[in-house]
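Residue numbers (the numbering used here), protein chains in the order written: chain Z, 15 to 218; chain L, 15 to 218.
We put the CB at the ideal spot given by N, CA and C, even for glycine.
None of these values were measured; they are calculated from a predicted model.
All remarks here apply to the structure that follows.
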DNA sequence: GTCTATACACTGATAGAC
DNA sequence: GTCTATCAGTGTATAGAC
């Protein structure tokens, strides 16, 4: 079962892009890696950007959609802090996974100069994840696990430091610097966050 | 008093870069905007990257260094929440200022493919600002305004959502979408954050 | 020192033959 | 689908005029 030329192009492009950046991954290098001429690529993709849009679309996977599918807030949010811990564990798994790390780098680059990717980025990090998480906080409030607050705000406040950590992680990796010190920060964030919103003394 | 050619090059480059992105600002366009030949640019800058490094270095100003100079934590942190409000007001001023917005866009782009800018970025957003702010939190703790917590962690948790808002703001602007809804989120962040750490009932 | 002229290797992209 | 040939545009370099 031979891979299609189109898939070979995508693989080659992802590889080159991850190591040499967007502009470092020239059409000629991609073509030579696949074993065809540059112009042949244009039979499969409109242009260079189209290649990376497809990479992003294919790999910008539903890492957290999966989490919410397997941990539906309506049922599991009752776990309170434990639920957040599980979310962060899933988040860390993605953040530290080499393949997703590559992708995250590409997304960040492309976000700044490709409108379609930018829209994906905005929708993903500033809408969908927040919407899913805010539902969990809503249920926690209903069960008096946390104090009354706008669920949307809570989700934003919970996710922003995680995103920040992931960004820092990516940049440090690009510098080939250590990231072990970062690892514990994820859990410390949950502890701090929960401390600020939890209802410690039971009340009606 | 005529501007030097070097400054003209920097101005032209910043302008082109802000509207057409890094690769859209070609050496030929920059040169023609200044009124010289491409090759003349190389009398003033080693290469294209050197131009943008200089732009970033010059404009990546000490917007928040200024704040801490005018609002020394050792003296003013006693104001507690009011101090944070003032910081966020300064932060918003920078975030919504057109010139700094341009710069922020360039920095984000360059961070992903220029090591020097990346180092600047890491130092600025993940070290210096946090270090300065953590001192303020340290003093608030000493005055029993907030609960005991790692000042560094507090600074991180306080800054991350602000950075996140600024990023979202920048991306929305690139989409020519409205940002008025974002504006109030800055203040809501301070309210939420303070609620989570403040010592409400006075205690020794 | 500052500019012009010219050249080079490389880029993304297209047209047309097989 | 893939090729060859070719295009304009890019960053960069150097030699030489003023």
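- DSSP places residue 35 (chain Z) inside the alpha helix (DSSP H), whose first and last residues are 19–38.
- A check of alpha carbon separations from residue 71 (chain L) across L:185, L:24, L:111 identifies L:24 as the nearest.
- If you ignore the 5 residues before and after residue 98 (chain L), its C-beta comes within less than 6 angstroms of the C-beta of 204, all in its own chain and listed in chain order.
- Rounded to the nearest angstrom, the gap between the Cα atoms of residue 154 (chain L) and residue 139 (chain L) is 22 angstroms.
- Partner residues in the beta bridge of residue 212 (chain Z), as assigned by DSSP, are Z:160.
- The count of Cβ pairs closer than 8 angstroms, one atom from the segment 55–63 of chain L and one from the segment 53–73 of chain Z, stays below three, leaving the stretches out of contact.
- If the five residues before and after residue 134 (chain L) are omitted, its C-beta is found closer than 7 angstroms to the C-beta atoms of 70, 74, all from its own chain and listed in chain order.
- Rounded to whole angstroms, the separation of the alpha carbons of residue 90 (chain L) and residue 141 (chain L) is 21 angstroms.
- If you draw a straight line from the Cα of residue 106 (chain Z) to the Cα of residue 200 (chain Z), it comes to about 8 angstroms.
- Only residues of its own chain outside the window of five on either side were considered, and among them 160, 161 have a CB closer than 6 angstroms to the CB of residue 211 (chain Z), listed in chain order.
- Our two residues, residue 170 (chain L) and residue 103 (chain Z), have alpha carbons roughly 20 angstroms apart in a direct line.
- Within the same chain, and ignoring the five residues on either side of residue 150 (chain L) in sequence, the residues whose Cβ sits closer than 7 angstroms to its Cβ are 87, 91, 97.
- Near chain L, meaning a CB-to-CB distance below 8 angstroms, no residue of the segment 58–84 of chain Z qualifies.
- The continuous alpha helix (DSSP H) containing residue 53 (chain Z) extends over residues 52–55.
- Contacts between residue 171 (chain L) and chain Z, judged by CB atoms closer than 8 angstroms, involve 175, 203, 206, 207 in chain order.
- Listed along chain Z, no residue sits closer than 8 angstroms to residue 151 (chain L) by beta-carbon distance, the nearest being about 12 angstroms off.
- Following the DSSP letters along the chain, one finds residue 123 (chain Z) inside the alpha helix (DSSP H) bounded by residues 112–127.
- Between the segment 47–61 of chain Z and the segment 107–118 of chain Z, the count of Cβ pairs shorter than 8 angstroms is below three; the stretches do not touch.
- Taking 8 angstroms as the CB threshold, residue 46 (chain L) stays off the interface with chain Z.
- Scanning Z:147, Z:32, Z:20 for the CA closest to the CA of residue 50 (chain Z) turns up Z:20.
- Neighbours of residue 127 (chain L) in chain Z, taken as residues at a C-beta separation under 9 angstroms, are given in chain order as 35, 36, 37, 38, 123.
- One finds 185 in chain Z with Cβ atoms closer than 8 angstroms to the Cβ of residue 135 (chain L), taken in chain order.
- The C-beta of residue 211 (chain Z) comes closer than 8 angstroms to at least one C-beta of chain L.
- Buried is the label assigned to residue 174 (chain Z), since at least 16 other Cβ atoms lie within 10 Å of its Cβ.
- Against residue 167 (chain L), the close residues of chain Z are 202, 206, in the order they occur along the chain (beta-carbon pairs closer than 7 angstroms).
- DSSP places residue 203 (chain Z) within a helical segment (H, G or I) once states are collapsed to three.
- In the structure shown, residue 84 (chain L) adopts helical secondary structure according to DSSP, grouped into three states.
- Residue 120 (chain Z) and residue 35 (chain Z) have their C-alpha atoms spaced approximately 8 angstroms apart.
- Per DSSP, reduced to three states, the secondary structure at residue 193 (chain Z) is coil, with no helix or strand assignment.
- In the structure shown, the three-state DSSP call for residue 58 (chain L) is coil.
- Just measuring C-alpha positions, the residue of Z:213, Z:197, Z:45 sitting nearest residue 157 (chain Z) is Z:213.
- Across the structure, residue 192 (chain L) and residue 184 (chain Z) are spaced so that their CA atoms are roughly 29 angstroms apart.
- Nearest C-alpha to residue 93 (chain L) among L:196, L:152, L:182: L:152.
- Nearest CB-CB separation between residue 140 (chain Z) and chain L: below the 8 angstroms threshold.
- Taking 8 angstroms as the threshold, the shortest C-beta distance from residue 132 (chain Z) to chain L falls below it.
- In the same chain as residue 44 (chain Z), and ignoring 5 residues on each side of it, the C-beta atoms closer than 7 angstroms to its own belong to 23, 26, 27, 30, 55, in chain order.
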